[in-house]
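Report on one structure; see the data block that follows.
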DNA sequence: AAAGCTATTTCATAATATGAAAAATTCAAA
DNA sequence: TTTGAATTTTTCATATTATGAAATAGCTTT
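Residue numbers (my numbering), protein chains in the order written: chain A, 62 to 336; chain B, 62 to 336.
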């Protein structure tokens with residue numbers, strides 16, 4: 062049904078001036094109801110009306126309409142409204158779309174621009190970190206991880222960010238399998254030291270690879286979560302210790318975490334409820 | 062946020078007489094757009110407007126409004142509209158209700174790790190199997206059922222596991238409705254053959270989908286029971302025939318059944334007293 | 001450079017969404 | 001049992017606003 066011969070047409074980014082007001086008010090309010098219904102995990106008509114400060118009559122009609130299309134369910138017994146199966150079905154079509162890597166691209170670009178360092182994206186695969194993509198800095202001296210590279214979890218920023226969010230069982234499993242090979246004098250090879258580092262990482266919200274894989278190279282990484290709050294990917298910046306200095310780490314980490322949060326939201330992910 | 066002291070009030074099942082007309086027209090049409098967008102897997106403005114026989118101007122405003130709340134995404138590059146992350150997020154709240162999916166998550170993960178194959182969770186809805194979630198294997202070749210997919214009962218492992226636990230009446234009802242469409246040479250299209258297969262399945266405790274839906278793909282599924290001993294969900298592993306070989310089936314089935322039992326217990330379910 | 005698409009915006013108008021209040025019903029208390 | 005309070009659903013008059021046609025502005029192709 063799709064005709065791939067179509068390309069960009071039409072009107073540009075800004076004509077009038079700024080953001081026009083071409084949203085439909087009633088629809089917008091209706092969506093507000095649906096979102097609220099989801100956020101509060103169901104509720105009775107009056108609860109919802111009060112929460113949104115809208116007329117019960119309107120909310121009632123909105124919910125009835127949603128119900129007509131299966132976007133909302135109404136339990137006669139308890140008089141409680143809930144998100145319906147159709148909302149799940151339609152919403153799930155979101156997953157069929159572009160990959161993590163594609164969604165990450167613009168976010169990584171901005172991260173690179175904000176920090177001036179190469180931005181990386183990686184996931185865990187078979188106990189290793191698989192690099193899915195990167196956006197390189199313009200600086201002449203720069204880190205380079207070709208996409209498709211697989212490297213050890215324990216000596217990578219993204220790897221440690223992911224590890225820090227696994228439960229103890231999985232953690233030990235991965236660490237045992239990999240044997241904590243020593244790459245530089247800074248590599249953490251002692252399992253207990255590694256576990257301690259992971260605890261710090263988890264509490265801090267981001268991981269630091271301080272020359273643990275390559276001498277002279279630092280990396281700051283934060284985890285990206287899926288809808289179930291599981292850490293499924295990591296995003297990082299990496300560069301030479303001469304530019305990523307000790308005192309810049311905190312600042313850079315803010316950008317990295319912000320990018321990770323944005324990507325989490327872009328893939329429909331969920332904060333971080335999982336312990 | 063919920064006040065459990067509230068109970069049933071208000072007006073009953075039928076007052077006026079039959080179904081009243083208290084749906085909001087514009088909202089209903091907007092939902093039509095969203096559903097179409099999902100069904101057709103994205104599309105350009107004119108494609109959607111034509112498909113729905115609506116004014117481009119209106120469709121544009123509807124989509125813009127959805128975009129404002131994140132229910133739709135617009136890719137400037139390709140001028141293509143798609144279902145957005147917020148639709149997925151809100152729609153996913155549907156799962157929280159049963160909490161089945163939530164409880165299943167860790168169990169599915171362990172099942173995946175034990176078997177090395179993708180683990181799936183599904184329920185029956187409107188005579189079809191609705192996939193609620195999955196945990197993917199790390200293997201590069203793998204089965205992929207996006208959550209939200211609805212597929213035919215008779216050609217799915219989970220579907221057959223559920224069918225095998227229904228009484229004859231419901232069984233024939235569902236099978237009659239679906240017409241046993243043939244997907245591969247292995248699909249069971251003869252009702253009697255299907256009934257026989259279901260008897261075997263019930264006695265055995267797990268269902269096998271041997272390339273009945275997709276050539277080269279096998280699936281092993283077991284039912285999950287609620288408090289009344291009714292089969293309300295199914296849990297399965299699926300993968301290529303090259304890995305899920307004939308002689309591994311018995312072993313894998315043990316893991317699947319164990320996972321199903323654990324999930325049954327996790328949702329307060331009851332062994333299998335029913336029929 | 002012009003013609004031909006397609007996406008946006010504007011605008012006048014009719015459609016319809018809306019809140020207030022009434023009606024219908026159930027729950028709890030007297 | 002009766003009464004009253006709470007809550008959902010409907011009706012109705014009205015103003016809001018959603019809507020399509022047509023105009024506008026960018027692209028793409030000729």
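Glycine included, each C-beta is placed from N, C-alpha and C at the ideal position.
So which of the options has the shortest CA-CA distance to residue i?
{"i": "residue 272 of chain A", "options": "A:247, A:178, A:251 and A:265", "result": "A:247"}
{"i": "residue 216 of chain A", "options": "A:301, A:140, A:145 and A:270", "result": "A:270"}
{"i": "residue 290 of chain B", "options": "B:223, B:210, B:123 and B:282", "result": "B:223"}
{"i": "residue 208 of chain B", "options": "A:260, A:146, A:189 and A:180", "result": "A:146"}
{"i": "residue 275 of chain A", "options": "A:292, A:244, A:284 and A:262", "result": "A:244"}
{"i": "residue 309 of chain A", "options": "A:175, A:249 and A:101", "result": "A:175"}
{"i": "residue 149 of chain A", "options": "A:117, A:90, A:96 and A:115", "result": "A:96"}
{"i": "residue 233 of chain B", "options": "B:188, B:130 and B:115", "result": "B:188"}
{"i": "residue 101 of chain A", "options": "A:143, A:127, A:134 and A:92", "result": "A:143"}
{"i": "residue 165 of chain B", "options": "B:294, B:151, B:305 and B:90", "result": "B:294"}
{"i": "residue 157 of chain B", "options": "A:115, A:98, A:109 and A:139", "result": "A:98"}
{"i": "residue 317 of chain B", "options": "B:306, B:128, B:307 and B:266", "result": "B:266"}
{"i": "residue 212 of chain B", "options": "B:163, B:83, B:193 and B:325", "result": "B:193"}
{"i": "residue 122 of chain A", "options": "B:299, B:153 and B:84", "result": "B:84"}
{"i": "residue 177 of chain B", "options": "B:111, B:262, B:303 and B:139", "result": "B:303"}
{"i": "residue 167 of chain B", "options": "A:89, A:313 and A:228", "result": "A:228"}
Under 6 Å Cβ to Cβ from residue i, same chain only, skipping five residues before and after it: list those, please.
{"i": "residue 141 of chain B", "result": "103 and 105"}
{"i": "residue 241 of chain B", "result": "215 and 250"}
{"i": "residue 219 of chain B", "result": "183, 190, 282, 295 and 297"}
{"i": "residue 180 of chain B", "result": "169, 172, 173, 196 and 298"}
{"i": "residue 268 of chain B", "result": "218, 221, 222, 262 and 282"}
{"i": "residue 305 of chain A", "result": "279"}
Rounding to the nearest angstrom, what Cα-Cα distance links residue i and residue j in this structure?
{"i": "residue 264 of chain B", "j": "residue 253 of chain B", "result": "17 Å"}
{"i": "residue 184 of chain A", "j": "residue 191 of chain A", "result": "5 Å"}
{"i": "residue 328 of chain B", "j": "residue 260 of chain A", "result": "32 Å"}
{"i": "residue 69 of chain A", "j": "residue 136 of chain B", "result": "In this prediction, residue 69 of chain A scores a pLDDT of 37, lower than 50, which makes its location untrustworthy; no coordinate-derived value is stated."}
{"i": "residue 132 of chain B", "j": "residue 214 of chain B", "result": "30 Å"}
{"i": "residue 311 of chain A", "j": "residue 87 of chain A", "result": "44 Å"}
{"i": "residue 284 of chain B", "j": "residue 288 of chain A", "result": "25 Å"}
{"i": "residue 320 of chain A", "j": "residue 296 of chain A", "result": "8 Å"}
{"i": "residue 331 of chain B", "j": "residue 93 of chain A", "result": "39 Å"}
{"i": "residue 161 of chain B", "j": "residue 109 of chain A", "result": "25 Å"}
{"i": "residue 113 of chain A", "j": "residue 124 of chain A", "result": "13 Å"}
{"i": "residue 286 of chain B", "j": "residue 325 of chain B", "result": "5 Å"}
{"i": "residue 138 of chain B", "j": "residue 116 of chain A", "result": "41 Å"}
{"i": "residue 226 of chain A", "j": "residue 315 of chain B", "result": "30 Å"}
{"i": "residue 280 of chain B", "j": "residue 307 of chain A", "result": "52 Å"}
{"i": "residue 91 of chain B", "j": "residue 313 of chain B", "result": "46 Å"}
{"i": "residue 119 of chain A", "j": "residue 130 of chain B", "result": "20 Å"}
{"i": "residue 155 of chain A", "j": "residue 230 of chain B", "result": "37 Å"}
{"i": "residue 111 of chain A", "j": "residue 163 of chain B", "result": "29 Å"}
{"i": "residue 78 of chain B", "j": "residue 89 of chain B", "result": "Confidence at residue 78 of chain B is low in this model, with a pLDDT of 34, below 50, so the placement of that residue is unreliable and no value is reported for it."}
{"i": "residue 151 of chain A", "j": "residue 198 of chain A", "result": "39 Å"}
{"i": "residue 292 of chain A", "j": "residue 238 of chain A", "result": "20 Å"}
{"i": "residue 153 of chain B", "j": "residue 153 of chain A", "result": "8 Å"}
Give me, in chain order, the residues of the same chain whose beta-carbon lies closer than 8 Å to that of residue i; leave out the 5 immediate sequence neighbours on both sides.
{"i": "residue 258 of chain A", "result": "221 and 249"}
{"i": "residue 134 of chain B", "result": "128, 142, 143, 144, 145 and 146"}
{"i": "residue 186 of chain A", "result": "211"}
{"i": "residue 126 of chain A", "result": "91"}
Between residue i and the rest of its own chain, which residues show a CB-CB distance below 7 Å, the 5 nearest in sequence each way excluded?
{"i": "residue 236 of chain B", "result": "215, 252 and 255"}
{"i": "residue 107 of chain B", "result": "117"}
{"i": "residue 323 of chain B", "result": "168"}
Please give me, in chain order, every unbroken run of the beta strand (DSSP E) with length at least 3 that falls completely inside the region 78–139 of chain A. Correct list: 133–136.
If you measure beta-carbon to beta-carbon, which residues of the region 106–134 of chain A are closer than 7 Å to chain B? The region 106–134 of chain A vs chain B, Cβ under 7 Å: 122, 123, 125, 126, 129, 130 and 132.
Which complete alpha helix (DSSP H) runs does the region 219–249 of chain A hold, if anything under 4 residues is left out? Uninterrupted alpha helix (DSSP H) stretches at least 4 residues long and entirely within the region 219–249 of chain A occur at 229–239, given in chain order.
In chain order, what residues of the region 253–271 of chain B put their CB closer than 7 Å to some CB of chain A? Residues passing the 7 Å Cβ filter: none.
Along the region 216–236 of chain B, what residues have a CB closer than 8 Å to any CB found in chain A? Here the close residues number zero.
Using Cβ-Cβ distances below 7 Å, what residues of the region 159–182 of chain B are close to chain A? Flagged, chain order: 166.
Would you list, in sequence order, the uninterrupted alpha helix (DSSP H) runs of no fewer than 4 residues that lie entirely inside the region 143–195 of chain B? Taken in chain order, the complete alpha helix (DSSP H) segments of 4 or more residues contained in the region 143–195 of chain B are 146–159 and 161–176.
Interfacial residues, the region 138–158 of chain B to chain A, with Cβ spacing under 8 Å: Those would be 138, 139, 140, 143, 144, 145, 146, 147, 148, 149, 150, 151, 152, 153, 154, 155, 156, 157 and 158, in chain order.
I'd like the ranges of any alpha helix (DSSP H) spanning at least 4 consecutive residues and lying wholly in the region 262–333 of chain B. Every unbroken stretch of the alpha helix (DSSP H) spanning 4 or more residues and falling wholly within the region 262–333 of chain B is given here in chain order: 310–327.
With 9 Å as the C-beta to C-beta threshold (strictly closer), list the residues of the region 280–309 of chain A near chain B in chain order. Listed by position, the residues of the region 280–309 of chain A near chain B (Cβ gap below 9 Å) are 288, 289 and 291.
According to a CB-to-CB cut-off of less than 9 Å, which residues of the region 84–96 of chain A neighbour chain B? Using a CB distance below 9 Å, the part of the region 84–96 of chain A facing chain B consists of 84, 85, 86, 87, 88, 89, 91, 92, 93, 95 and 96, ordered along the chain.
Under 9 Å, CB to CB, which of the residues in the region 320–334 of chain A have a partner in chain B? The region 320–334 of chain A vs chain B, Cβ under 9 Å: 326, 327, 328, 329, 330 and 331.
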